[in-house]
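Residue numbers (our numbering): 9 to 153.
Structure representation (structure tokens):
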């Protein structure tokens, strides 16, 4: 006799495949933690990822200088470099509801099962508008006849 469970378990969740996915910035939240001397504040960006069952977060140190991961990925989401005034004072609300791509990989934490995590954020692909093929009706210089 085969007995099937009617109660979903944590073991029954399907691991999202590693790869590149379309995503949208859903929320930006400060990470609430007790800071010790020398600790840097962090923020978490939540992404709605196509194919994921729930939002996926990624944490960053709050710094936009040099080659920081946050700066690199903010520029990817915006599709442009940050200006010097923006680096000095950046409003993260500019990122909300922006399209991008995320690279999802599998991460193992100790003895636990693998977990899908966002490794990097990339610019959204540029979709070029289609150009109609010239015809006698759309091309006024066409010779008919």
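We put the beta carbon where it would ideally sit given N, CA and C, even for glycine. Just so it is clear, the structure is predicted and the values come from calculations on it, not from any experiment.
Could you work out which residue in 130, 105, 24, 99 is closest to residue 61 when comparing CA atoms only?
-> Residue mapping note: residue 61 aligns to position 53 of the chain shown, counting from 1. Ranking 130, 105, 24, 99 by Cα distance to residue 61 puts 24 first.
Cβ pair count under 8 Å reaching 3, the segment 25-34 against the segment 53-72 = yes
Quick one: Cα of residue 156 to Cα of residue 82, how far?
-> Examination of residue 156 is not possible in this model, given that the chain is present from 9 through 153 alone.
What is the DSSP secondary structure of residue 193, counted as helix, strand or coil?
-> Here the chain has residues from 9 to 153 only, and residue 193 is not among them.
Sequence ranges, alpha helix (DSSP H) only - wholly within the segment 90-136, length at least 4 | For the segment 90-136, the full-length alpha helix (DSSP H) segments reaching 4 residues or more read 92-96 along the chain.
Tell me whether residue 78 is buried or exposed, calling it buried when 16 or more other Cβ atoms sit within 10 Å of its Cβ.
-> Taking the first residue of the chain shown as 1, we reach residue 78 at position 70. Buried, by the Cβ-count rule.
Taking only the alpha-carbon atoms, compute the straight-line gap between residue 98 and residue 10 and give it to the nearest angstrom.
-> The sequence position of residue 98 within the chain shown is 90, counting from 1. The sequence position of residue 10 within the chain shown is 2, counting from 1. Residue 98 and residue 10 have their C-alpha atoms roughly 59 Å apart.
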